[in-house]
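Trainee: Residue numbers (my numbering): 22 to 363.
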Amino acid sequence: MSYLTKRKFEERERGLSLLLVFLMPLLTLCGTLFRGADWRFDYLGEFKIQIAFVSAVLCLWCIFKSRWPEVVVFFLVAALNVALVSSRYHLTSNETKLPPDHYKMTFLYQDLKTADRKAEQIRDELEKVDADIVFWANVPVEIYRDLNAIKGAYHLQNQSFDKNGAMMLIMSRSPGTARGQIGKKGAGIWVSRVIGNRKLIFAMTDLGDPWSKKAYEDTAEKVNDLIAFARKRDDPVVLIGGFGASGWSRLLDGLETEAGLQTENTVFSASSSNAPFLLRRPTDFIYAHPGIEVSDLRKTDGIGTARNGLTGTIKIAPARKELEFFEMEPTVSEEKLLQPPL
C-alpha cells in the first residue's frame, strides 16, 4: 500500500470514527429523551440492546487504535443503554422477597400464530409443561375447532372472539370465579382465581405490532384500557401477553406509573423470539402488582412457530389477617386480676 493510499484510508477511517462518535449518542438520546414526542423516536428506543452492542465493539476497536476520547464516548453510550435495559430486565431471576409460606402456581404462555397444522405438537407441549393455567394468543381457527381433543384435562375459562385466527384463550385445571373482556376494542380478557386465601385477576393481552402511526394510536388506546382495568380492580392483577414493544417503551409507561404494575422479575434471556440474539426485542412478558413475583421464567421448546412459549412460576404473598383484640392473650391471668388488693 502506497503512502497516499494509506493516508486516504486513515482519513476515511478517522472520518467514520468521528461520525459514529456523534451518531451513537444521538441515537441513544433520541430513543430515550424524545420517546414521547413521536412514535418514530419510541421505535428507535426499541434498539437499545443493539446500540449497546455496537458501541461496545467500537469501544474495543478504539482501544486497539489508542483513540482514548472515542473510547470514553463509546463506553458511556454502551453503559447507558445497558443500564436502561437492566432497569426492566435481568439476566437471572432475583431472590424472592416473599415470606416462606407464599403460594405458587405455574403458567404457560404461547403465541400460536402459524400453528394451524400443529395440533399434535401443541397437545404434546401442554402435557410436557403441565402448567396450572395456560394463556394462548393468536389461536388459529383450525386449532380452536379441535380444542376439545387438544386441551385434555384443561377447562376453557375465557376467550376472545375473532374469525381471522387472532383469538385469545385462557385455560386452567380448576374453574375460576369470574371472567370478562377488557375494553371495547379487545384490549384483553381476564379470569379471577382463588389461590390459598388470595383472590387474583389473571389478565391476558395481545397488542400486535404497534409501529406505524395508526397502529401506535390504536395500541395506546388499548394500553389505556388495560391501565383503567388494573386500577379499578380491588384484587391484585397479573397481566401477561405480547405487548409489541419493549418494557422501556413510552407506550407502556402507564402500566407502571398509573396502574402500579411492575416487571422487576422479567428475565431477558427468556425472550420467546426465535430471531438471532442481537435482533431480538423482548416484547412478551408479565406485569404484576406488588406482592406477586415471577420466577423460573424460561422459554419452551419450539413447535415450528415464529415464537416459543414462556413458562414459569407465579408466587403470591398470603393475605395476613389483622390480629383482633379478643384474640390477644392477656399478660396477667384472670385469677390474679380478681385478687383483693394488699
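Every residue, glycine too, gets a C-beta built ideally from N, C-alpha and C.
Please state if the CB of Gln283 and the CB of Ala241 are separated by a distance shorter than 8 Å.
Mentor: Cβ atoms of Ala241 and Gln283: not closer than 8 Å.
Trainee: How would you label Val78, buried or exposed, when you count the other beta carbons within 10 angstroms and need 16 or more for buried?
Mentor: Exposed.
Trainee: Quick check on Ala73: does DSSP put it in helix, strand or coil?
Mentor: Helix at Ala73.
Trainee: Using a 10 Å radius around the Cβ and a threshold of 16 neighbouring Cβ atoms, would you call Leu105 buried or exposed?
Mentor: Looking at its Cβ environment, which holds 16 or more other Cβ atoms inside 10 Å, Leu105 is buried.
Trainee: What is the DSSP secondary structure of Leu133, reduced to helix, strand or coil?
Mentor: In the structure shown, Leu133 sits in coil (DSSP, three-state: anything other than H, G, I, E or B).
Trainee: Would you check if the distance between the CB atom of Ile191 and the CB atom of Val212 is smaller than 8 Å?
Mentor: Cβ distance < 8 Å, so Ile191 and Val212 count as in contact.
Trainee: Assuming the contact rule is C-beta atoms closer than 8 Å, Met189 and Asp153 should be a hit. Round their C-beta distance to whole Å, please.
Mentor: Contact flag wrong, Cβ pair sits at about 18 Å.
Trainee: Can you tell me whether DSSP reads Ile324 as helix, strand or coil?
Mentor: Note: Ile324 maps to coil in three-state DSSP.
Trainee: Going along the chain, which residues of its own chain have a beta-carbon closer than 7 Å to the beta-carbon of Phe346, five neighbours each way excluded?
Mentor: Because the pLDDT at Phe346 is just 47, under 50, the model does not fix this residue reliably, and the value given afterwards should be weighed accordingly. Excluding residues within five positions, none has a Cβ falling inside 7 Å.
Trainee: Output needed for Arg144: all residues of its chain with C-beta closer than 6 Å, excluding positions within five of it in sequence on either side, in chain order.
Mentor: Excluding residues within five positions, the ones whose Cβ falls inside 6 Å are Ile171.
Trainee: State the DSSP-derived secondary structure class of Asp63, mapped to helix, strand or coil.
Mentor: Asp63: helix per DSSP, three-state reduction.
Trainee: Name the residue from Lys357, Thr321 and Asn218 whose alpha carbon lies nearest to the alpha carbon of Glu146.
Mentor: Glu146 has its Cα closest to that of Thr321, out of Lys357, Thr321 and Asn218.
Trainee: Check the C-beta distance from Tyr130 over to Gly330 and give it rounded, since I have them as a contact under 8 Å.
Mentor: Contact holds; Cβ gap of about 6 Å.
Trainee: List the DSSP bridge partners of Asn102.
Mentor: According to DSSP, Asn102 bridges with nothing at all.
Trainee: Please confirm whether Gly217 and Pro339 have their CB atoms less than 8 Å apart.
Mentor: A contact, by the Cβ cut-off of 8 Å.
Trainee: With burial defined as no fewer than 16 other Cβ atoms inside 10 Å of the residue's Cβ, what is the status of Val93: buried or exposed?
Mentor: Label assigned to Val93: exposed.
Trainee: Where Glu277 and Leu25 are concerned, what is the direct C-alpha to C-alpha distance, given to the nearest angstrom?
Mentor: Taking the straight line from one Cα to the other gives about 58 Å.
Trainee: Whole angstroms is fine: what's the gap from Pro303's alpha carbon to Leu260's?
Mentor: Approximately 16 Å between the Cα atoms of the pair.
Trainee: Does the region 260 to 271 touch the region 215 to 229, meaning 3 or more C-beta pairs lie closer than 8 Å?
Mentor: With the cut-off at 8 Å, the region 215 to 229 and the region 260 to 271 touch.
Trainee: Quick one: grab the DSSP three-state call for Glu374.
Mentor: It is not possible to answer for residue 374, since the shown part of the chain is limited to 22 through 363.
Trainee: Going by DSSP in three states, Asp145 sits in which element: helix, strand or coil?
Mentor: Helix, per DSSP.
Trainee: Using a Cβ-Cβ cutoff of less than 7 Å, which residues in the same chain neighbour Phe74 once the five nearest sequence positions on both sides are dropped?
Mentor: Result list for Phe74: Leu299, in chain order.
Trainee: Mind reading off the beta-carbon distance from Ile72 to Met45? Whole number of angstroms is fine, and I expect it under 8 Å.
Mentor: That belief holds up - the Cβ atoms of Ile72 and Met45 are roughly 7 Å apart, short of 8 Å.
Trainee: Taking 6 Å as the limit between beta carbons, can you name the residues of its chain near Gly333, skipping five residues before and five after?
Mentor: So the qualifying residues of the chain are Val315, Asp317 and Leu318.
Trainee: If we define contact as Cβ-Cβ less than 8 Å, is Phe156 a contact residue for chain D?
Mentor: This model lacks chain D altogether; it includes just one protein chain.
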